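One line per chain: the protein sequences are A, B and C, in this order. First residue of the first sequence? That's -3 in my numbering, and the numbers climb one at a time after it. First residue of the second sequence? That's 84 in my numbering, and the numbers climb one at a time after it. First residue of the third sequence? That's 3 in my numbering, and the numbers climb one at a time after it. I have placed the structure first, in the form of structure tokens, so that the comments after it can refer back to it.
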Amino acid sequence: MTRRGREDRPAPAATRRGRTGLGMLVLGLGLGLAGAAAAGRLARSRKHADIHDASLRRTRDGAAILGASVLMDSAMEHFRGGYENRVMYLGPTMAAASVAASLSEPRLHPGGSAARVAHGACLVTGIVGTGFHLWNITRRPGGLSWNNLFYAAPIGAPGALSIAGLLGLATEAMAVRQEDRRTTGRALAALSGLSLLGESAEVALLHFRGAFHNPAMYLPITVPPLAGIVLVALAVRPHAGGQRVTRLLLRIVGGLGVLGTAFHVYGVSRNMGGWSNWRQNALAGPPTPAPISFTGLGLAGLAALDLLDNARDRA
Amino acid sequence: MSDDFSDPYEGYDVLSKWDTPSFNDQTRRVLAARRTPPARRFFTQEEWRTLQALCDRAIPQPERAEPVPIAPWIDADLHADRGTGTRYATMPAARTAWRQGLAAIDAEALVRFGTPFADLAPERQDAILTAVDDESLADPYAWEGLPARRFLRDTALKTIVSIYYVHPQAMSEIGYGGPASPRGYLRLGGDRLDPWEAPQGHWPEDEDR
Amino acid sequence: MTPDVGLASHGAEEAPRATAGRAPDVFSREGWVPMREHCRDEAVDFVIVGAGCGGSVLATKLAEAGHSVVLFDAGPFWRPLSDFASDEREQEKLYWLDERISGGDDPIEFGANNSGRGVGGSTTHFQMVSLRFRPEWFKSRSALGYAVDWPVDWKEMWHYYAEAERAMSISGPISYPWGPKRGRYPYRAHEVNEAGLVLARGAEALGVDWAPTPLATVSAPHGKSPPCVYRGMCKIGCSTNAKQSMLVTYIPRALAAGAEIRDLAMVGHIETGPDGRATGVEYHRDGGWHFQKARNVVVSAYSIETPRLLLNSACGRYPHGLANGNGQVGRHLMVHANHAVWAEFDREIRWYKGPPSMACCEHWNYDDDDPSRDFHGGYSFMSQGPLPSDFAGTLVGSTGAFGMDLRERMARYNRMAGLKIVGETMPQAENRVTLSDETDAFGLPRASVSFSYCDNDRRLYEHSQRFMTRMLEAAGGGNFLESASTAHLMGGCRMGHSPEDSVTDADGRSWEISNLWICDGSLMPTAGGVNPALTIVANAARIGDRMVRLAKRGEV
Ligand SMILES: Cc1cc2nc3c(=O)[nH]c(=O)nc-3n(C[C@H](O)[C@H](O)[C@H](O)COP(=O)(O)OP(=O)(O)OC[C@H]3O[C@@H](n4cnc5c(N)ncnc54)[C@H](O)[C@@H]3O)c2cc1C
Ligand code: SF4
């Protein structure tokens, strides 16, 4: 008989079972970190006398929410990918760092800080990640085809990490440059506006994959891009007006993040076996951590508006 | 032909998923019923002996103290006259075909080796089955009206494997995922496995590489 | 009358479910939907025999136009969520297991291979590949020089293909490499599994196109259907309702529009009156024979049972069976050659994940000029994912393997991939359905089928095996194994241009009896090199619209 015990078998060339344990650990650590930082943030929260501080706070909250969304989403997606490549740990790890950095108090003077390094690293990781995802897409048969765009590594996802990093860096810059609120406001408006457009583009791709089977799936590809466009317009011509509409749109965008999460939770329950089959459906169904990123971007946009308003008032 | 089976997926058991979302109630019910093979009702004792020997040769299970039962289900299907949808014009109806086929295999054994098929050593049983498949028969009269190869492949072997390979032990030994409803699969790429699938198998030739 | 096959059928095989004003709710585990019922003695507008692709679609169209319809099926009315198990043997209950006698030089295997029995017909266990005909195939004779022309224009069919694809929520690629432009599929193509990527890699290596297969299973939720969970058991019945079979698409629509369905009701005869017109059908249900009066009878029982019923309905006035004055009933039966090449890889493919055919290649349906082409007609081929017992059957059937050799070969299941064709065969008058002297449990003469390939058919499948071997080799496979089989049935009561060489006109109306119609796969004059269900559905939708128009003009 050629049966052999499991013990005296040579280790398989590659057990692609996925290194899921370590992935969970990263996710857990990240969440812990985020939780701790959030608790600290709550403890510190107070009424801000100055609009600049308030916008700063808002932007950082936005960046933190975005980072948390990326943390959960990339932890889950890379779990699906079995953390096959060690680089895949970078996504969730950096996202966790981004959350922590965004929640910590900004430094008021220029010069290196851990938070700044973290934000910068997120920006770079996002760019490198996009490259990796593109490589993953193109190496499959069919190359840059719709099927691969739908089902290979999500092309737009790492970009969100870059945005979180950029937002973080922006707040660091804001903290240092208290005075020139117009410029800061315009920069922030441009950044959040463009980010909204980018996010919507990714949602469009994924909702197209889902055949827009629910009319509500059109919401995140109509309202946020609209808000994005007016934000960019404001960045270009800050005096053009329309602040009130923009503010309303951004509030809706923020609400959509919450509504979207609810829709995605419901979406998972519509898959066979619903939430009791969560090991399949949480990953196969719509990504529950994704929509809240709109809330984060909405906050950043509102902060930009505050700054612009304030600059005008003071002028 | 060696009589050893090296199981590439040793240690994997689809039944370990019994209480998970991979199984639903109706599947549990079907598999639970398969634990108790029905009693013989169709074949005679003599035919039964030949049938069992044939099943043992088709799917030898020397490593198992309790081999997966096959013959009882063939008997049950014929008793119920559960069809397959097809009767080849050159073949008699299923019940007749099985009776005549088993008798003919036995006759072939007697003519060649002077012993009933069930009492032959495995190598000799193999020789009989190979002769039947090649239709190079020592006793062609026993096969009159029954094309030997068609009986062996399309009636006997197809039925035998259709019973063996729906058994959880057989699913496990080939690393098949087994029952999968409501939970199916998430990772469709060849280099990715779901945690509820068999881990990668081990083959002798891979270890040589 | 056929023995119960399933253990988990919840009585569906024992007693009719669609009775007392209600029918099973196929989206529930044990629920019901209301159903309109008709009196047996009052003639309904239409009796339809067979609730598969042809019957379900037609019943929907007619009922939605306000006609009274009774739809019969010999098999059970399943609720997939609670009746379908993950077990190949249990699920044999979906097949037409009653024996047919199969002769000729290349006898066909029935049962699991091509025939369903139950509300929804063969689509409860079809593999969901949903391809359109190549336009020229509707004019095979005049455009391509073989077989016969359809009495239908391709542009009209193109319109109905789109309608069928919408109704079945087909998930297909954004751009399809072959044939004229088509609109967007309602759902996006599924992720291609590894077995499909084998085809893709091979195709790219050989420089031919490939595509994710358009499939009748949803890639996102649709109504009460959840998206496909990639359990890969489509051929033994989809227990999630992701599969867009007739049972979960047209049947609920037909019921909602007021059609009545009678399950476990085997129609044995079509009666004709003194004027030679059909008056209704005699059917067996609940242990006895009954008669349902009708103003029109439509036969939609597929290529074996449709001719069988017409032949079994012979009477004094029609001694050779109904609609058979010209002897065409049962003739020109076609199958698809289903030859395959299987290969072993040095890594795991796990072809059990996902629907069995996630990638396809129609190169040889469209390339007319390749110097290697030595046959008329075409073939497509798809990646494969047979379940273990199914694949073991292929192994022993084509090699005769047994013993440890067989077990060892089966242990390589996860490292196998395969390509299998849907190969067009030529319509031949001698490939036909007749009646045998034997009778079934209802006392009805059994069908006897004779089938032989012609030389062109053989050249076609041999060509395909050479090509698929090359492709698998290019994809890194080795240790090839060839297997021969058939799939799908078509023809047997073909529609045509004239009463001399066909059974019905383009509307499915029999040339001989003006209120006797046929609407199913048996109408197909040619087989084409693609799976037939979508074409049968589209054609039924076309015939349905046509019948409604005729009825409005008082011509039905
Ligand atoms: C395993 C398998 C895989 C397939 N895969 C595909 C695929 O991927 N793509 C594709 O396009 N096609 C596929 N097909 C073929 C497709 O399912 C059929 O071509 C199609 O369903 C035929 O439609 P129909 O209406 O002519 O007959 P059916 O759908 O077979 O319906 C006929 C119905 O009539 C009933 N009936 C018969 N006789 C009587 C009677 N006397 N009284 C009452 N009822 C009766 C039967 O019970 C049956 O339900 C597959 C078929 C099988 C078996
Ligand atoms: S693979 Fe999809 S369509 Fe096939 S049985 Fe599973 S859920 Fe149904």
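Cβ atoms here follow ideal geometry from the backbone N, Cα and C, with glycine treated the same way. Note that the structure is a prediction, hence the values are computed from the model and not measured.
Three-state secondary structure (DSSP) of residue i
{"i": "Thr401 of chain C", "result": "helix"}
{"i": "Arg233 of chain B", "result": "helix"}
{"i": "Lys63 of chain C", "result": "helix"}
{"i": "Cys363 of chain C", "result": "strand"}
{"i": "Val435 of chain C", "result": "strand"}
{"i": "Arg205 of chain A", "result": "helix"}
{"i": "Val28 of chain C", "result": "coil"}
{"i": "Leu324 of chain C", "result": "coil"}
{"i": "Tyr163 of chain C", "result": "helix"}
{"i": "Lys355 of chain C", "result": "coil"}
{"i": "Ile272 of chain C", "result": "strand"}
{"i": "Ser245 of chain B", "result": "helix"}
{"i": "Thr550 of chain C", "result": "According to the sequence displayed, residue 550 of chain C carries Val and not Thr. Here Val550 of chain C sits in helix by DSSP."}
{"i": "Ala204 of chain B", "result": "coil"}
{"i": "Asn314 of chain C", "result": "helix"}
{"i": "Met497 of chain C", "result": "strand"}
{"i": "Glu15 of chain C", "result": "coil"}
{"i": "His334 of chain C", "result": "coil"}
{"i": "Arg(-1) of chain A", "result": "In this prediction, Arg(-1) of chain A scores a pLDDT of 37, lower than 50, which makes its location untrustworthy; the coordinate-derived value is nonetheless stated afterwards. It is coil, neither helix nor strand."}
{"i": "His260 of chain A", "result": "helix"}
{"i": "Asn1 of chain C", "result": "Residue coverage of chain C in this structure runs from 3 to 558, which leaves residue 1 of chain C outside it and unanswerable."}
Test: residue i CB closer than 8 Å to a CB of chain A
{"i": "Tyr189 of chain C", "result": "yes"}
{"i": "Pro91 of chain B", "result": "no"}
{"i": "Pro176 of chain C", "result": "The residue asked about is misnamed: residue 176 of chain C is Ile in this sequence, not Pro. Yes, because at least one Cβ of chain A sits closer than 8 Å to the Cβ of Ile176 of chain C."}
{"i": "His224 of chain C", "result": "yes"}
CB contact below 8 Å: residue i versus chain C
{"i": "Phe88 of chain B", "result": "yes"}
{"i": "Trp131 of chain A", "result": "no"}
{"i": "Tyr259 of chain B", "result": "yes"}
{"i": "Lys43 of chain B", "result": "Lying before the first or after the last residue shown, residue 43 of chain B is absent from chain B, which here runs from 84 to 292."}
{"i": "Pro143 of chain B", "result": "yes"}
{"i": "Met84 of chain B", "result": "Unreliable placement is indicated for Met84 of chain B, whose pLDDT of 48 sits below 50; the coordinate value is still reported in the next sentence. Taking Cβ atoms only, chain C reaches closer than 8 Å to Met84 of chain B, which makes this a yes."}
{"i": "Ala231 of chain A", "result": "no"}
{"i": "Ala185 of chain A", "result": "no"}
Supposed contact pair residue j and residue i - C-beta distance, whole angstroms, cut 8 Å
{"i": "Asp158 of chain B", "j": "Phe125 of chain B", "result": "5 Å"}
{"i": "Thr169 of chain B", "j": "Pro230 of chain B", "result": "Not confirmed; about 14 Å, so no contact."}
{"i": "Leu246 of chain A", "j": "Leu298 of chain A", "result": "5 Å"}
{"i": "Tyr148 of chain C", "j": "Gly493 of chain C", "result": "Not confirmed; about 15 Å, so no contact."}
{"i": "Pro152 of chain B", "j": "Gln144 of chain B", "result": "Their Cβ separation, rounded to whole angstroms, is 10 Å, which puts Pro152 of chain B and Gln144 of chain B out of contact at 8 Å."}
{"i": "Arg561 of chain C", "j": "Pro137 of chain A", "result": "Any property of residue 561 of chain C remains undetermined from this structure, which presents chain C solely from 3 to 558."}
CB contact check: residue i to chain B, cutoff 8 Å
{"i": "Trp98 of chain C", "result": "yes"}
{"i": "Met268 of chain A", "result": "yes"}
{"i": "Tyr304 of chain C", "result": "no"}
Member of the options whose CA lies at the smallest distance from the CA of residue i
{"i": "Leu202 of chain A", "options": "A:His260, A:Ala59, A:Leu295 and A:Ile248", "result": "A:His260"}
{"i": "Glu44 of chain C", "options": "C:Gln430, C:Arg472 and C:Ala296", "result": "C:Ala296"}
{"i": "Glu158 of chain C", "options": "C:Glu15, C:Thr441, C:Arg544 and C:Val550", "result": "C:Arg544"}
{"i": "Val301 of chain C", "options": "C:His286, C:Arg287 and C:Ala280", "result": "C:Ala280"}
{"i": "Arg461 of chain C", "options": "C:Tyr381, C:Gly54, C:Ser450 and C:Tyr354", "result": "C:Tyr381"}
{"i": "Gln109 of chain B", "options": "C:Leu552, C:Pro137 and C:Gly8", "result": "C:Gly8"}
{"i": "Arg118 of chain B", "options": "B:Pro287, B:Asp289, B:Leu269 and B:Gln252", "result": "B:Gln252"}
{"i": "Trp353 of chain C", "options": "C:Phe74, C:Met235 and C:Gln330", "result": "C:Met235"}
beta-carbon residue i near ligand 3 non-hydrogen atom, thresh 7 Å
{"i": "Cys55 of chain C", "result": "Ligand 3 is not part of this structure, which contains only ligand 1 and ligand 2."}
Exercise. Does the count of Cβ pairs from the region 507 to 515 of chain C and the region 222 to 230 of chain C closer than 8 Å reach three?
Worked result: no
Exercise. Counting Cβ pairs closer than 8 Å, one from the region 257 to 266 of chain C and one from the region 57 to 74 of chain C, do we hit at least three?
Worked result: yes
Exercise. Can you find at least 3 beta carbon pairs, one from the region 154 to 164 of chain A and one from the region 54 to 72 of chain A, that sit closer than 8 Å?
Worked result: yes
Problem set entry | Cβ contact check for the region 329 to 336 of chain C and the region 352 to 372 of chain C: 3 or more pairs under 8 Å | no
Exercise. Pairing CB atoms from the region 110 to 119 of chain A with CB atoms from the region 8 to 23 of chain C, are three or more of them under 8 Å?
Worked result: no
Problem set entry | contact_flag[the region 135 to 143 of chain B, the region 204 to 221 of chain B] where n(CB pairs < 8 Å) is 3 or more | yes
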